[in-house]
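Residue numbers (the numbering used here): 938 to 1213. Don't be surprised by glycine CBs; every beta carbon is placed ideally from N, CA and C.
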Amino acid sequence: MAVAGSVLAATLDLLGEGVQPGVKTSEMDQLAERFIRSQGAVPSFKGFRGFPGSICTSPNAMVVHGIPGSYRLCAGDIISVDVGVTLDGWVADAARTFAVGEVGEKAAGLLRATEASLYAGIDQARPGMRMGDLSHAVQAVAEEAGLSVIRQLVGHGIGREMHEEPQVPNLGTPGDGPLLEEGMVLAIEPMTSLGSADIRVGSDGWSIFTRDQSLAAHFEHTVAITASGPRILTPWHRPASERPELPRPAAANGAGAAAAGSEGGRGEAEPELSQG
Ligand code: MG
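See below:
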């Protein structure tokens, strides 16, 4: 999973370098798919329950699950980029929200606090803690910064499958919930907004938006709980020199890019509790 996570971190590096006004999200999708496959890995999201993209690209008021397509990034946007990588049957899942050029102070604060809430949660991922300790740590940092935590969207266990037990909520009560044990691996992923926490599903049946159109952010790491504490398996926050080696170093143009952007066409609906 750490090697899958290293491929994932390198993919987010590439995508981050390409976050420029005028870039289409379908181009980001193709770049990611080509790089992931060049490493002998598979983009986990492609075809997952019929999802057409290799990554999720969710700009501005879109929280998660955006299908890459014809949207072009604009200066001042924020965009959540969520990537899954499967390598040798093991899955890693991570996301970060990028600023496109200069963004306003409120948007910058949203990104800063949501990322900080992720690390507060990760710090609780230790044997003997409860899920509620982790969830509460995320919630406390986000709410302290004046953000709403989107309670209908949760993280998840991860391993051979992308979504495993247990759920990893972003709100909780210290001391509650499942015991965290050595060997568990969790995808911890705060999803927050500047406005209300209410969400709606877009007309494509996938994309999830804040109902009040307020800006939303999403940061995620796959984290192993070890005897010596949390181990981040998707180290996009560290320089490449501090990550596990890629399966195929310096390869950047493998085969297999495919266009993304088909539409599902289901109506608007109230989302169930949904995993990111
Ligand atoms: Mg996830």
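- When C-beta atoms of the region 1127 to 1135 are compared with those of the region 1070 to 1090, three or more pairs fall below 8 Å, so the two segments count as touching.
- Not one heavy atom of the ligand MG falls within 8 Å of the beta-carbon of Ile1145.
- Check the Cα spacing between Gly1092 and each of His1174, Thr962, Thr1159: the tightest is with Thr1159.
- Residue state for His1073 is assigned as helix, using DSSP reduced to three classes.
- Under the DSSP assignment, Ala1050 falls in the alpha helix (DSSP H) whose first and last residues are 1042 to 1059.
- Judged by DSSP in its simplified three-state form, Asp1030 adopts strand.
- Residue nearest to Ile1169 within the set Asp1113, Gln1061, Glu1080 is Gln1061 (criterion: CA-CA distance).
- DSSP places Ala1036 within a strand segment (E or B) once states are collapsed to three.
- Considering only Ala1050, Val1018, Glu970, the residue with the shortest C-alpha distance to Val1037 is Val1018.
- Of all alpha-carbon atoms in Thr962, Pro996, Leu1123, the one lying nearest the alpha-carbon of Ser1072 is that of Leu1123.
- The closest heavy atom of the ligand MG lies less than 8 Å from the beta carbon of Ala1032.
- Per DSSP, the beta bridge partners of Gln1212 are Val1091.
- Cβ-Cβ separation between Met1099 and Asp1014: approximately 27 Å, too far for a contact (criterion under 8 Å).
- Distance from Ala978 to Val1020 at the Cβ level is roughly 11 Å; contact not present, criterion being Cβ atoms closer than 8 Å.
- Bounds of any alpha helix (DSSP H) do not take in Leu1084, whose DSSP letter is neither H nor E.
- Secondary structure of Glu964 (DSSP, three-state): helix.
- Of all alpha-carbon atoms in Glu1126, Val960, Leu1055, Arg1097, the one lying nearest the alpha-carbon of Val1078 is that of Leu1055.
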